[in-house]
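Undergrad: Please find one structure pasted underneath; my questions will follow.
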Amino acid sequence: MKKWIWLAVFVLIFSMMAAPALAAGKMTVTQENFYVDDEYGVNAYLFAKVENTGDRAVEYSAGLWEIYDKNGDPLTSNDWLGCYPSCLAPGETGYVYASAYIDEVESAEDADDYMLTVTGKSSDQTVTYYPCQGEYQPDVQVNEYYRQDFVTAEITNDTQETVFGMEVVVALMDEEGNLLYVEHTDFYDSTGINAGSTVTYRFALSDNWPEIWDKAGVTPAKVEVLAYTIQE
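Residues 8 to 239 in the numbering used here are what the sequence shown lists, from first letter to last.
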């Protein structure tokens with residue numbers, strides 16, 4: 008009788024050890040880029056691409072961006088990061104961006120390195136995506152006296168109902184697909200896109216970006232757009 012009891016206990020323990028771990032989502036940074044500009048004070052910019060490498064939906068929970076000098080000493084940190092979309096299904100990707108003013112130094116060269124940490128949590132939210140495409144439009148003649156760079160996002164509501172609360176994130180990359188820039192907008196519940204209609208949203212880039220990219224030796228060439236709504 009005792010042998011049967013021990014055998015049952017052994018089988019139970021072995022089954023628990025062999026059972027797969029509970030499914031979970033995991034927000035993983037797959038690409039990142041960092042710029043520092045000192046034209047108007049010292050400002051740092053961070054852009055990153057994240058992927059849910061787990062097997063369940065994951066929601067952005069927190070992020071920390073730390074900036075260091077040439078000696079590896081911390082200059083400043085920032086936990087005000089945005090992740091768009093904020094919820095990712097397994098295999099889906101999103102974008103993170105943030106900026107920080109560094110008043111501890113006077114030159115861009117003094118901010119030498121950084122570290123990014125992004126964490127997620129399990130989520131019951133779902134994301135619905137809509138057809139969209141983007142275009143980089145450099146040096147557009149805005150009026151008689153002013154020119155500016157833009158990124159446009161063309162979004163189509165392919166449903167049978169007006170969609171409110173649309174969010175749009177654009178990612179600007181070079182020819183090799185290296186991430187250069189990210190920006191996001193939210194249409195909120197006050198603006199709807201009618202069923203079957205297409206709208207174009209234009210992101211205006213600040214004047215310093217062409218110079219920043221020129222100093223970094225990179226050239227914008229490709230645009231990725233994600234247009235979506237999130238359901239609780």
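Here a beta-carbon is modelled for each residue, glycine too, at the ideal position from N, C-alpha and C.
Keep in mind the model is a prediction, meaning the values are calculated, not measured.
Three or more beta-carbon pairs under 8 Å between the stretch 147-161 and the stretch 80-88, yes or no?
TA: Too few Cβ pairs lie closer than 8 Å, so no.
Undergrad: Three or more beta-carbon pairs under 8 Å between the stretch 114-124 and the stretch 58-77, yes or no?
TA: Segments in contact, yes.
Undergrad: So G127 and K33 are supposed to be a Cβ contact under 8 Å. How far apart are they, rounded?
TA: Yes, G127 and K33 are in contact; Cβ-Cβ is about 7 Å, under 8 Å.
Undergrad: I need the DSSP call for A64, collapsed to helix, strand or coil.
TA: Three-state result, A64: coil.
Undergrad: What residues in its chain sit with their C-beta under 6 Å from that of T37, if we drop five residues either side in the sequence?
TA: Answer for T37: K56 and E58, listed in chain order.
Undergrad: Please confirm whether W220 and L186 have their CB atoms less than 8 Å apart.
TA: Taking 8 Å as the Cβ cut-off, W220 and L186 do not qualify as a contacting pair.
Undergrad: Where DSSP assigns a beta bridge to M49, which residues make up the other side?
TA: Sequence inspection shows Val at residue 49; the Met mentioned does not correspond to that position. Bridge partners of V49: none, in fact.
Undergrad: Output the boundary residues of the beta strand (DSSP E) element that contains E218.
TA: Element bounds for E218: not the beta strand (DSSP E) but the alpha helix (DSSP H), W216 to A223.
Undergrad: How would you write the range of the beta strand (DSSP E) that P81 sits in, first residue to last?
TA: Per DSSP, P81 belongs to the beta strand (DSSP E) from P81 to N85.
Undergrad: By DSSP, does A202 sit in helix, in strand, or in coil?
TA: Three-state DSSP puts A202 in coil, outside helix and strand.
Undergrad: Would you say the beta carbon of V147 comes nearer than 7 Å to a heavy atom of the ligand HEM?
TA: Among the ligands in the structure shown, none appear at all, so the ligand HEM cannot be discussed.
Undergrad: Buried or exposed for P92, please, with buried defined as at least 16 other CB atoms from any protein chain shown within 10 angstroms of its CB.
TA: Flag for P92 reads buried.
Undergrad: On a CA-only basis, which of E231, Y137, P217 and K222 is nearest N201? Give me that one, please.
TA: Nearest C-alpha to N201: Y137.
Undergrad: Measure the alpha-carbon distance for W72 versus C90 and round it to whole angstroms.
TA: Spanning the two alpha carbons is a distance of roughly 13 Å.
Undergrad: Measuring only the C-alpha atoms, how far is Y195 from Q238?
TA: If you take the alpha carbons of Y195 and Q238, they lie about 13 Å apart.
Undergrad: Please state if the CB of V176 and the CB of H191 are separated by a distance shorter than 8 Å.
TA: A contact, by the Cβ cut-off of 8 Å.
Undergrad: Shortest alpha-carbon distance to F54 belongs to which of G48, G70, Y102 and Y121?
TA: Comparing Cα positions, the closest option is Y102.
Undergrad: Starting from the Cα of L179, find the closest Cα among G61, A64, T226 and V112 and give me that residue.
TA: The option with the nearest alpha carbon to L179 is T226.
Undergrad: Please classify G70: is it buried, with 16 or more other beta-carbons within 10 angstroms of its beta-carbon, or exposed?
TA: Its Cβ being crowded by 16 or more others within 10 Å, G70 is buried.
Undergrad: Drop a sphere of 10 angstroms on the beta-carbon of E113, count the other beta-carbons inside from all chains shown, and report buried for 16 or more, exposed for fewer.
TA: Under this definition E113 is an exposed residue.
Undergrad: Using only the alpha-carbon positions, how far apart do Y42 and T163 sit?
TA: Straight-line Cα distance between these residues: approximately 33 Å.
Undergrad: Taking only three categories from DSSP, how would you classify E99?
TA: Three-state result, E99: coil.
Undergrad: Whose C-beta lies closer than 7 Å to the C-beta of G172 among residues of the same chain, with five residues either side of it excluded?
TA: Closer than 7 Å at the Cβ level, and outside the excluded window around G172, lie F194, Y195, D196 and T236.
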